[in-house]
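Count along the sequence shown starting at 1, add 2, and that's the number in the numbering used here.
What follows is a short report on a single structure.
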Amino acid sequence: MAAPSTTACGKGSRPRVVVVLRVLCVLVLGTSFVCQTTLQENIDSLWNYLRHQSLYQTVYFETWFVVFVYSIIALVPEAMAKVSYLSQYRIEGTSDKPRPSIPELLLEGTLYMLPFAALDTVMVKRFPGVSEDVLQLKRQDWVQRTRALPEHAPTLGQMTWQITAALVIYD
């Protein structure tokens, strides 16, 4: 009788967590298809709220948001080292490496954001649904403070397509 195959985490060929995550993805996609009208109404409401918020309107929002999300992702190895249930998914030898201190992480985040913030300050970003007249008006001021956001929210289909394309291209 052949021995069962193992994965990098040393468990069976399909850990339960992976199967559960796949089932959740299928359920989310199926629910999104069935409830797309309700979801679009919620997207529209959220968009109408966000586009009037000063933090969201600022040209630096995307840069700040990405660094914030990656900061949360950076906590995953720490959680895997501290939470016993997650330690089974840790790659051997990775927890032995020294972790950067909080001041080092803040410095790294700042140095990462500086070139993006500089570009955000002088570039006019194009968003679908924003007229060329609005973009031309924004270009008259060489220091950008707010983004030219579209009047209407993206559709659920657009968001699904963009997220899927981003995962395929960047992952």
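All C-beta atoms, glycine included, are put in the ideal place defined by N, C-alpha and C.
This one's a predicted model, so the numbers in the text were calculated from it and none came from an experiment.
Unbroken alpha helix (DSSP H) run spanning residue i, endpoints
i, result
"Gln38", "38-52"
"Val124", "104-124"
For residue i, three-class secondary structure by DSSP
i, result
"Pro130", "coil"
"Thr60", "strand"
"Thr148", "strand"
"Ala1", "Residue 1 lies beyond the stretch modelled for the chain, which goes from 3 to 173, so this question has no answer here."
"Asp135", "helix"
"Tyr87", "coil"
"Arg101", "coil"
"Leu80", "The amino acid occupying residue 80 in the given sequence is Glu; Leu does not appear at that position. Here Glu80 sits in helix by DSSP."
"Gln142", "coil"
"Gln55", "coil"
Neighbourhood of residue i by C-beta distance below 8 angstroms, restricted to the same chain and skipping five residues each side
i, result
"Val141", "Inspection of the sequence shows that residue 141 is occupied by Arg rather than by Val. Around Arg141: Val126."
"Glu110", "Pro102"
"Ala4", "With a pLDDT of only 49 at Ala4, under 50, the local geometry of the prediction cannot be trusted, and the value read off the model is given with reservation. Contacts found: none."
"Phe70", "none"
"Gln59", "Arg53, Thr148, Arg149, Leu151"
Cβ shell of residue i (< 7 angstroms), same chain only, five flanking positions each side left out
i, result
"Ala119", "Tyr62, Thr65"
"Ala138", "Strictly speaking, residue 138 in this sequence is Gln, with Ala absent from that position. So the list is empty, once near-sequence residues are dropped."
"Leu88", "Ala81, Met82"
Within-9 angstroms CB hit, residue i to chain B
i, result
"Phe35", "No chain B appears in this structure, which consists of one protein chain only."
Contacting residues, own chain, Cβ-Cβ under 6 angstroms from residue i (five flanking each side not counted)
i, result
"Pro17", "none"
"Arg53", "Leu151"
Is it the case that the segment 142-149 contacts the segment 161-172, given that we only count it when at least three CB pairs across the two stretches are under 8 angstroms? no
Check whether the segment 29-44 touches the segment 155-162, taking contact to mean three or more Cβ pairs, one atom from each stretch, closer than 8 angstroms. yes
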